[in-house]
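Let me begin by presenting the structure, written as structure tokens, before commenting on it.
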Amino acid sequence: MGDTFHLVNLDKQESIQFSKIPAAKMREIAGSMAAASITTWYLLNNRGDRIAFLSAYESEHHLFGQTYLSSAFNYYPDVTDAVVEQLIEAKVLRDAGILWEDEDDRDLVLRDLRNIWDVKAKDN
């Protein structure tokens, strides 16, 4: 099983957990149109902020000349859904429904987000 990642913004104290997105590993984040769009959109809208990808398997992180325990980021709110809504509004992504939903917990879902900006993208 590979390492999983999420994004943190030290200046705004928020995170991108890629919640409801089928991407957590390096290749998944880079290869998923939705995850790559989320990451790029967030970085472009927060230029100048101290933003980093964190590994879920490390207990401490060395970022921007300081050392942080992983627990320091536990209270950072996940803004993934807000960024997805911005991308939908900007007509970069469209919501094509649900890819997967847990039978016991209807809050556990994976969204089917599709790129509509690139007309050559498969299954737009």
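Be aware that the sequence shown starts at 1, since it is given in full-length UniProt numbering, and climbs by one per residue.
Glycine is no exception: its CB is placed at the ideal position from the N, C-alpha and C atoms.
Does the beta-carbon distance from residue i to residue j come in below 7 Å?
i: SER37; j: VAL109; result: no
i: THR4; j: ALA24; result: yes
i: ILE51; j: ASN9; result: yes
i: LEU87; j: TRP41; result: yes
i: ASP49; j: ASP95; result: no
Going by Cα to Cα distance, which pick from the options is closest to residue i?
i: TRP100; options: VAL84, ARG94 and ARG111; result: ARG111
i: VAL83; options: PHE73, ASN46 and GLY31; result: ASN46
i: LEU54; options: ARG114, TRP117, HIS6 and GLU103; result: HIS6
i: PHE18; options: LYS12, TYR57, ALA35 and ALA90; result: ALA35
i: LYS20; options: GLU103, ASP81 and LEU43; result: ASP81
i: ILE16; options: ARG27, GLY2 and LEU43; result: LEU43
i: ALA56; options: ASN74, PHE64 and THR39; result: ASN74
i: GLU89; options: TRP117, THR39, GLY2 and ARG27; result: TRP117
Assuming residue i and residue j are in contact, meaning their beta carbons sit under 8 Å apart, how far apart are those beta carbons, in whole angstroms?
i: GLU14; j: VAL79; result: 5 Å
Sort out for me which residues DSSP pairs residue i with in a bridge.
i: LYS25; result: THR4
i: ALA95; result: With the sequence shown as reference, residue 95 is identified as Asp, and Ala is not the correct amino acid for it. BP columns for ASP95 point to LEU113.
i: LEU66; result: The question names Leu, yet the displayed sequence has Gln at residue 66. DSSP, once it has assigned bridges, lists LEU63 as partnering GLN66.
i: GLU89; result: Answer is none; GLU89 lacks a bridge partner.
i: GLU14; result: ASN9
i: PHE53; result: LEU7
i: ASP78; result: SER15
Worksheet item: Is it a yes or a no for the region 20 to 40 touching the region 63 to 72, going by three-plus beta-carbon pairs under 8 Å?
Response: no
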